[in-house]
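Contents: one structure, followed by commentary.
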Amino acid sequence: GDGVRKIIPIDSDYIYLVNGTNSRDGDVHHFENEYYDIWVVKINKYGDIIWENCYGGTNVEETKDALLTPDGGLIILSRISSGGGDISQFFGDVDNWVCKIDSIGNIQWEKTLGNQGHENGLRLRYASDSSFFVLAGVNEDGGMVDCNCHENESILDLDVWLVEMDLNGNILRQLCYGGTGHEFAYDLTKTEDGFVFAAQTDSYDGDVSGVHGSYGKSDFWIVKINLVGEILWQNCLGGSHSEWPLYITQTQDSGFIVIGNAASLDGDVTGLHGFEGDVDPWFVKLDKDGTLQWNHCFGGYNGQRIMSKHAIAKISDDHFVVIAESMGFITEDVQCDLNPDPY
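Numbering (the working numbering), first residue to last: 235 to 577.
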């Protein structure tokens with residue numbers, strides 16, 4: 235099977251398709267793994283393949299994100315569960331692997347981020363013209379992890395882990411944020427004086443204050459840090475059930491739009507369709523200081539949810555396109571019923 239994780243326009247003539255594959259035929263010519271590899275395809279505007287190549291180790295590589303670089307290459311983030319092949323180092327369990335390829339598909343450098351535990355990487359975002367952040371989660375220090383992690387309630391609970399790297403693969407700094415519960419960062423946006431990241435949290439301590447639900451019921455956790463990584467403000471948004479963000483962007487008034495999913499009928503969440511625990515896509519507007527200005531739930535009964543950050547596209551400052559999964563019928567905001575029997 236082959237699945238597209240990200241489509242990245244290079245210019246008006248060429249496009250990168252960043253995929254995963256376990257195929258050995260058809261358009262795939264360089265697969266040497268028994269399980270799943272990263273598969274990058276460069277195509278022209280007519281859909282013709284210019285080149286394609288597979289990258290990875292001896293087990294499963296799960297492609298998470300990619301950035302176009304100034305030289306026309308790519309930086310790729312994936313989760314790995316083995317070493318070997320293109321992967322020079324593996325710490326154990328699940329690590330994050332960052333790989334830089336040039337414009338013709340050659341690996342220029344690669345680096346593994348992790349320790350003996352489970353490190354969960356999800357997103358790449360530029361920090362400056364010459365550096366980028368890897369957004370991930372980490373449970374403890376060790377291996378190459380050095381950021382004073384919090385002591386978590388469970389080995390499955392993570393801190394937000396931001397790793398800044400330059401375009402040559404050198405680690406510039408590591409930052410950890412969270413409490414004794416579970417935090418995980420989904421997105422980050424740059425501001426004039428720092429960065430704001432959107433995460434989920436169920437902690438009541440450490441860097442976190444104002445959580446609405448109990449342990450295991452997460453809130454949006456929106457955190458602004460300055461250029462040296464100090465927290466300027468933080469805000470928990472949600473209700474007594476679970477909310478989790480997927481996307482954040484700054485608006486023209488220096489505020490922020492955060493998009494994710496909500497399942498609460500109380501707290502900051504208004505207008506949830508259905509019952510508590512049903513899920514709606516949830517839009518939140520914050521001012522420049524992180525104060526909630528408005529929120530809106532979209533959906534109908536039986537639940538709708540945004541499945542991935544890649545399902546959200548900003549068209550302009552005031553317009554977004556969102557793809558959501560629906561298990562309902564024609565009701566409320568849901569005005570399509572392509573499958574009369576979704577079960």
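All residues carry an ideal CB built from backbone N, CA and C; glycine is no exception. As the structure is a prediction and not an experimental result, all values here were calculated from the model.
Closest option to His352, judged by alpha-carbon separation, among Phe517, Trp285, Gly339, Gly326: Gly326. Across the set Thr485, Ser498, Gly412, Val556, the C-alpha of Thr485 shows the shortest separation from the C-alpha of Lys424.
Of all C-beta pairs linking the region 508 to 522 to the region 466 to 476, three or more are shorter than 8 Å, placing the two stretches in contact. Ile272 counts as buried, since at least 16 other C-beta atoms from the protein chains shown sit within 10 angstroms of its C-beta.
Within the same chain, Cβ atoms closer than 6 Å to the Cβ of Phe431 are found at Ala419, Leu422, Val457, the five residues on either side in sequence being excluded.
Considering only Asn382, Gly440, Trp331, the residue with the shortest C-alpha distance to Glu374 is Asn382. Assignment of Ala370 by DSSP, reduced to helix, strand and coil, places it in the strand class. Secondary structure within the region 410 to 452: the beta strand (DSSP E) runs of 3 or more consecutive residues, fully enclosed, are 417 to 425, 428 to 435 (chain order).
When DSSP reads this structure, His553 sits in a beta bridge with Ser550.
In this structure, DSSP gives Lys519 an extended state, which the three-state scheme calls strand. In this structure, the beta-carbon distance from Leu401 to Lys334 falls below 9 Å. Per DSSP, the unbroken beta strand (DSSP E) holding Cys288 starts and ends at 283 to 289.
According to the DSSP secondary-structure assignment, Arg359 is paired through a beta bridge with Phe367. For Ile321, there is no enclosing beta strand (DSSP E), as DSSP marks it with neither H nor E.
Annotated as proximal: Tyr449 and Asp436, with beta-carbon spacing under 9 Å.
Spanning the alpha carbons of Ser388 and Gly415 requires a straight line of approximately 8 Å. Across the set Gly281, Lys522, Leu461, Gly403, the C-alpha of Gly403 shows the shortest separation from the C-alpha of Leu308. Taking the CA atoms as reference points, Pro243 sits about 21 Å from Thr255. For the set Phe366, Tyr280, Leu461, the Cα lying nearest the Cα of Leu311 is the one of Phe366. For Pro479, the uninterrupted beta strand (DSSP E) segment begins and ends at 477 to 484.
Per DSSP, the continuous beta strand (DSSP E) segment holding Phe490 begins and ends at 490 to 496. In the three-state scheme derived from DSSP, where H, G and I count as helix and E and B as strand, Lys543 is classed as helix. Assignment of Asp393 by DSSP, reduced to helix, strand and coil, places it in the strand class. One thing to note: Glu398 has its Cβ within 9 Å of the Cβ of Ala361.
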